[in-house]
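Working notes, structure below.
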Amino acid sequence: MAPILCSYAHKPIPSKHLSEWTRGRMYGWHERGMPLRKISNHLNIPLTTVHDTVVAGDQEGKERKGRGRYPKTSKAQNDAIVKEVLKNCNTTYKDIAKKIAPEVSEKTIRHRLAEKNLKKWMAQERVHINEALAQKRL
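Residue 23 is where the sequence shown starts when you use our numbering, and the numbers rise one by one after that.
Pasting the structure below:
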């Protein structure tokens with residue numbers, strides 16, 4: 023059988039030039055249980071191209087998970103952290119962590135506040151509080 027979609031007789035073409043019909047044949051053969059190597063030989067397309075096309079086709083329509091770790095706090099906990107900070111600016115990160123999410127570190131609390139753009143506000147508030155405490159001591 024003559025190779026499908028080849029620009030030259032013995033040179034396979036890259037994946038981006040595959041037609042929808044060729045991709046459909048790949049998916050059909052793959053669903054019927056034909057090995058990828060056999061599909062590759064039959065269509066005269068590199069094995070990696072067939073593999074990448076079939077794997078990408080399997081992922082279509084599925085929700086792709088993000089990279090990295092899952093967050094330690096929920097949206098409700100994040101909102102509670104922000105409310106606590108806005109309600110009482112004298113609380114420390116450690117106190118907030120104990121009160122709202124005991125399994126979470128102080129660093130996580132700082133990150134959640136930074137995500138809400140409250141890190142600078144917290145730093146400014148602490149400077150004002152420290153200045154007020156210093157004046158009371160004098």
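Quick reminder that beta carbons are idealized off the backbone N, C-alpha and C, glycines included.
In whole angstroms, what separates the C-alpha of residue i from that of residue j?
| i | j | result |
| --- | --- | --- |
| Ala136 | Lys121 | 19 Å |
| Ser37 | Arg54 | Caution applies to Ser37, whose pLDDT of 47 falls short of 50 and renders its modelled position unreliable; the value that the coordinates give is listed next. Each residue's alpha carbon lies about 22 Å from the other. |
| Val72 | His39 | 13 Å |
| Ser29 | Arg47 | The predicted model places Ser29 with a pLDDT of 47, which falls under 50 and marks its position as unreliable; any figure quoted below should be read in that light. Their backbone Cα atoms lie some 19 Å apart in a straight line. |
| Leu140 | Ala154 | 21 Å |
| Lys158 | Glu128 | 28 Å |
| Ser41 | His133 | 47 Å |
| Asn110 | Glu125 | 21 Å |
Give the C-beta separation of residue i and residue j to the nearest angstrom, bearing in mind that I take them to be a contact with Cβ-Cβ under 8 Å.
| i | j | result |
| --- | --- | --- |
| Val76 | Tyr49 | 7 Å |
Is residue j closer than 8 Å to residue i when the C-beta atoms are compared?
| i | j | result |
| --- | --- | --- |
| Thr95 | Ala123 | yes |
List the endpoints of the continuous alpha helix (DSSP H) containing residue i.
| i | result |
| --- | --- |
| Ile131 | Glu128 to Glu137 |
| Asn54 | The sequence shown places Arg at residue 54, not Asn. Here Arg54 belongs to no alpha helix (DSSP H), and DSSP marks it neither H nor E. |
| Asn100 | Lys97 to Lys109 |
| Ile122 | Tyr115 to Ile122 |
Quick check on this structure: which residue in the options has the alpha carbon closest to the alpha carbon of residue i?
| i | options | result |
| --- | --- | --- |
| Arg91 | Ile118, Ser41 and Thr130 | Thr130 |
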